[in-house]
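First comes the structure, then the notes that go with it.
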Amino acid sequence: MNSIVLTSAESRPALAAVMPNCLSAIRGETGSLGLPAVRGVIVMLVDGLGVAPLMARSGHARRLLSGWDADATAFSFPSTTAAGITQLTTARAAGENGMVGYEVWDRTCGVLRNQLSGWGPGMEPASWQLRPTVFEQLRGNGVLPTVISVAEYADSGLTNASLRGARFIAGGSMRERCELAARVSRAAGNHLVYLYHAELDQAGHRYGCGSDAWIEQLEELDAAFAQLLNELPDDIGVVVTADHGMVDIPKENYREFNTDLLDGVAAIAGEPRLRHLYLSDPSPRASLELSQRIADDEAGQAVVCTRAEAIAAGWFGAVIDPRAEARIGDVLVAATAELTYYAPGTPESKRRMIGQHGSITDAETLVPLLRHGAFAGKSAFC
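See the structure below:
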């Protein structure tokens, strides 16, 4: 079996470390990232802006990358939006907050649950996401939390699960959102602003992160960000990061699981780059047998392991809530080659994304930590 140790995580902070360090800076304390004291912080999360695609197109993001030490990166796994955002905003790994992937099998109800957009009865945001957010914990302590995002997300399930506790302000474009963030930060008081941009991820899924459309969005982001910095007070620090990276997968590399290998599989969830397989008989022996069958068939194109092995290797963090553990597949198939996995019979309408993410590769898990504003040039991230 392939090694399942995520070595890229060993020398980098997790995405969960960002918000606590920003709060330490607001309080005048020194955290593990060495950020200097500031009056307020803007954490700008750019969906899908992984280190690999950003560095490949660095000439189109000169303002974003100004002064960046390329070693200043964070590790984000599961490398998917619902998990990455929630890790950031709860300061807890997926094993604690319960957001263990894009789609999970609810063993109690026997249904698939989409943790990005499938919220509804039986999946209430206030209880499905298992931990209080950083914003909720700021009540009454003098730091004012604000979320600036896309209008259509204002009352979404993910917002109510992972951004609860903050004032929500909508902006129609990246430039407008950046202007709103600067405006909030100029107001009196200590501010923690979460600024979200979805456009690069959307372009990457549709056209690929190597496409002209993705580069155009990166250039627009860079221009909007430059405007933000121009309007920013001197005592406001800025951290730019992402929830995950992205890889482009050609259509000829879309694969279906061999049905002969799926004996005993009750459900297939996760996403195309990292599948969670759930067994009718979830015993350790049955899980290990399925894992070995798939690993032999894939011949090094994926890391295949049981839930117990993934947890032991730290994939979902050091602390595992039993409710989160139940959502993880009995067997995990994490693509490392340039391919995606689909359940047999998956309709063509669900196979249209070029840009993909979710797995354990560096291109999907490594995200930038860019320091700007009052944080620029003052310290180095660990």
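Residues are numbered in our numbering as their position in the sequence shown, beginning at 1, plus a constant of 249.
We put the beta carbon where it would ideally sit given N, CA and C, even for glycine.
Keep in mind it's a predicted model, so treat the numbers as computed, not measured.
Three-state secondary structure assigned by DSSP to Asn507: It is coil, neither helix nor strand.
Residue range of the alpha helix (DSSP H) that includes Thr614: It spans 611-614 - the alpha helix (DSSP H) in which Thr614 sits, taken as one unbroken run.
Residue range of the unbroken alpha helix (DSSP H) whose run includes Asp545: 533-547
Supposed contact pair Glu613 and Gly607 - C-beta distance, whole angstroms, cut 8 Å: Taking C-beta atoms under 8 Å as the contact rule, Gly607 and Glu613 qualify, at a distance of about 7 Å.
Range of the contiguous alpha helix (DSSP H) that encloses Trp463: 461-479
Simplified DSSP assignment, three categories, for Arg699: One cannot answer for residue 699 here, as it falls past the ends of the chain, which runs 250 to 631.
Under the three-state DSSP convention, the category Val580 falls into: strand
Reduced DSSP category for Ala452 - H, G, I as helix; E, B as strand; rest coil: helix
Met250 to Ala551 span [Cα, whole Å]: Residue placement at Met250 is flagged as unreliable, the pLDDT there being 45, under the threshold of 50; the coordinate-derived value follows with that caveat. Computed Cα separation, rounded: 10 Å.
C-alpha distance - Arg388 paired with Gly594, whole-angstrom precision: 48 Å
Beta-carbon spacing of Ala674, Phe565 below 8 Å: No answer is possible for residue 674: it lies beyond the span of the chain, which begins at 250 and ends at 631.
Cβ neighbours of Ser325 in the same chain (closer than 7 Å, five flanking residues each side left out): Excluding sequence neighbours, Ser325 sits near Leu264, Gly333, Gln336, Asp492, His493, Thr614, Val616.
Cα-Cα separation, Arg311 to Ala472: 9 Å
Thr338 beta carbon less than 8 Å from that of Ser411: Yes, these two residues count as a Cβ contact at 8 Å.
Ala434 - DSSP class collapsed to helix/strand/coil: Checking the sequence shown, residue 434 turns out to be Ser, not Ala. Residue state, collapsed to three classes: helix.
CA-to-CA distance, Ala625 to Ala430, given in whole angstroms: 18 Å
Endpoints, alpha helix (DSSP H) assigned at Ser376: From DSSP, the alpha helix (DSSP H) with Ser376 extends over 374-377.
Unbroken alpha helix (DSSP H) run spanning Glu520, endpoints: Counting along the chain, Glu520 falls outside any alpha helix (DSSP H), though it belongs to the beta strand (DSSP E) covering 514-520.
Cβ neighbours of Glu587 in the same chain (closer than 8 Å, five flanking residues each side left out): Val496, Ile498, Pro499, Asn502
Inter-residue Cα distance where the pair is Leu537 and Ser328: 24 Å
Anticipated Cβ contact below 8 Å, Arg601 with Tyr591, distance rounded: So it is not a contact: roughly 12 Å between Cβ atoms.
Contacts around Gly367, its chain only, beta-carbon distance under 8 Å, and the 5 residues preceding and following it disregarded: Glu352, Leu361, Gly406
Check whether Glu253 and Ile485 have beta carbons under 8 Å apart: It is Ile, not Glu, that sits at residue 253 in the sequence shown. Here Ile253 is not near Ile485, since their CB atoms are 8 Å or more apart.
Meets three-Cβ-pair contact criterion under 8 Å: the stretch 421-428 and the stretch 270-282: The stretch 421-428 is not in contact with the stretch 270-282.
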